[in-house]
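In the working numbering, the protein residues as written are 374 to 819. Even for Gly, the Cβ is constructed at its ideal location relative to N, Cα and C.
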Ligand code: SF4
Ligand code: SF4
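Below you can see the structure in the form of structure tokens.
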């Protein structure tokens, strides 16, 4: 691999994006000037075991992937960042050298340690200034699975056609499985004998930040880190089921402006000018009329501490801020830090962290946390539905049509204009549907 541009092209051709949930094309994160690579193995959301299992069974491959990145981007050193609890289970210690320039970095067992800004601050002592990218602090962050995908693209020439994910919650057994991208959730549940109980919901993602999905129609994407089955009566789901209008109505009627949500906001504790209680104070109509009042909404990482960890009046400042983010997006506005801004971590920062155990209690998921069994063999699917877009940026453009026969790994969508990635077939078979939204491939029986 001669240049960083060549390396980025390999990542792009393989369709690699942030597997931790963000979905940002990985090649676009690589830039000259980084001196630290952080591999995010914090696995911050409760009930998830995906990254833990990958670290347990594939650590040498992850280290190999990290070394490829170090060499290609001329980065000095790499830290694989893991929470204390998992370090202990994996028999790893802080600063342990796994290979040349690749070491372990312990993280406290706290939420939301996997948030990129918190992670960088904890692991390096550097603070990404509000609205800036990690590269401004000479840091690049990749998720554990992303680095494994990078390694597989470099060594095997393999594009991303498979996804590791945790199934956990209100189930008899929890699993970490490997499935084809685009597999139907219903087919996966059937193959494992899983039934969703009445009055339960299914989340794509963790209990704090995951989204409710319809398990009869949903498919697994390149960012699906978990499928959680949880009762709709627990706090984590009650707030998700409340509609945006109800959130806004409750916020505007019962907030006493105690500012506890701001005191416990992790981004605020890092010195960011984000004060959730002030967002709650801004009336919906005022925010619409003057979006310049709500610019700091774009500094929120969506962790939900202000909602279930801070407010005792069942208000969701997070939902209000999400509403404000939508107003800003509509007006193409975002927070821009002044040139001379020099944010400093607040003194109270160490005292505001929420332990993982307490966070599980706040969410109401402690009793649903089962240790998962790892099935590394690929689950077979009879049909896959590849969504376009699969990532942040411009969607891929279909490169196949109904009736075409395709092989696993073949490009079925070309990158669109600008920031974009190709899409690959995750199953060999016949294309039975293709438009700008999705491509469906079905297995062909001999
Ligand atoms: S914690 Fe709740 S009541 Fe207090 S300011 Fe925040 S939203 Fe209002
Ligand atoms: S969700 Fe709430 S606590 Fe989390 S960063 Fe946003 S405002 Fe702060």
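DSSP state of residue i mapped onto helix, strand, coil
{"i": "residue 682", "result": "helix"}
{"i": "residue 553", "result": "strand"}
{"i": "residue 765", "result": "coil"}
{"i": "residue 809", "result": "coil"}
{"i": "residue 708", "result": "coil"}
{"i": "residue 715", "result": "coil"}
{"i": "residue 723", "result": "helix"}
{"i": "residue 565", "result": "coil"}
{"i": "residue 693", "result": "helix"}
{"i": "residue 741", "result": "helix"}
{"i": "residue 797", "result": "strand"}
{"i": "residue 537", "result": "strand"}
{"i": "residue 756", "result": "strand"}
{"i": "residue 803", "result": "strand"}
{"i": "residue 772", "result": "coil"}
{"i": "residue 780", "result": "coil"}
{"i": "residue 560", "result": "helix"}
{"i": "residue 816", "result": "coil"}
{"i": "residue 751", "result": "strand"}
{"i": "residue 730", "result": "helix"}
{"i": "residue 658", "result": "helix"}
{"i": "residue 513", "result": "strand"}
{"i": "residue 531", "result": "coil"}
{"i": "residue 735", "result": "helix"}
{"i": "residue 746", "result": "strand"}
{"i": "residue 785", "result": "strand"}
Same chain, Cβ closer than 8 Å to residue i, neighbours up to 5 away in sequence not counted
{"i": "residue 665", "result": "706"}
{"i": "residue 748", "result": "548, 549, 550 and 551"}
{"i": "residue 446", "result": "377, 380, 403, 404, 405, 407, 410 and 513"}
{"i": "residue 631", "result": "650"}
{"i": "residue 450", "result": "408, 409, 410, 443, 474, 475 and 476"}
{"i": "residue 767", "result": "788, 789, 790, 791, 792 and 793"}
Sequence-distant residues of its chain with Cβ nearer than 7 Å to residue i (five each side left out)
{"i": "residue 489", "result": "507 and 514"}
{"i": "residue 670", "result": "652, 694, 697, 698 and 701"}
{"i": "residue 708", "result": "503, 504, 668, 669, 671 and 672"}
{"i": "residue 800", "result": "553, 754, 757, 781, 814 and 816"}
{"i": "residue 783", "result": "797 and 798"}
{"i": "residue 482", "result": "456, 457, 458, 728 and 729"}
{"i": "residue 570", "result": "543"}
{"i": "residue 425", "result": "416 and 459"}
{"i": "residue 392", "result": "516, 518, 519, 522, 595 and 596"}
{"i": "residue 368", "result": "Nothing about residue 368 can be read from this structure; the chain reaches only from 374 to 819."}
{"i": "residue 454", "result": "411, 412, 413, 414, 415, 478, 480, 492 and 496"}
Cβ-based neighbour list, residue i, same chain, cut-off 6 Å, excluding 5 preceding and 5 following
{"i": "residue 688", "result": "623, 624 and 628"}
{"i": "residue 586", "result": "575 and 577"}
{"i": "residue 657", "result": "621"}
{"i": "residue 691", "result": "677, 679 and 680"}
{"i": "residue 618", "result": "none"}
{"i": "residue 633", "result": "683"}
{"i": "residue 509", "result": "none"}
{"i": "residue 732", "result": "484"}
{"i": "residue 452", "result": "411, 476, 478 and 496"}
{"i": "residue 532", "result": "387, 388, 782 and 797"}
is_contact[residue i, chain B] using C-beta, thresh 8 Å
{"i": "residue 696", "result": "Chain labels in this structure do not include chain B; a single protein chain is all it has."}
Please list the segments of the alpha helix (DSSP H) lying wholly inside the stretch 429-495, counting only runs of 4 or more residues, in order along the chain. 457-463
At 3 residues or longer, what runs of the beta strand (DSSP E) sit wholly inside the stretch 568-635? 573-577, 584-586 and 599-604
Whole beta strand (DSSP E) runs in the stretch 383-435 with 3 or more residues, listed along the chain? 409-414, all fully within the stretch 383-435.
Cβ contact check for the stretch 463-477 and the stretch 393-406: 3 or more pairs under 8 Å: no
I want to know whether the stretch 703-722 touches the stretch 774-790 - three or more CB-CB distances under 8 Å. no
Between the stretch 401-421 and the stretch 625-638, do at least 3 Cβ pairs fall closer than 8 Å? no
Evaluate the contact criterion for the stretch 473-482 versus the stretch 553-564: three or more CB pairs, one atom per stretch, below 8 Å. No, the stretch 473-482 is not in contact with the stretch 553-564.
Whether or not the stretch 735-748 and the stretch 601-615 are in contact is what I'm after, with contact meaning three or more pairs of Cβ atoms, one per stretch, closer than 8 Å; do they touch? yes
So, does the stretch 431-448 touch the stretch 523-541, judging by three or more C-beta pairs under 8 Å? As far as the Cβ criterion goes, the stretch 431-448 touches the stretch 523-541, which means the pair count is three or higher.
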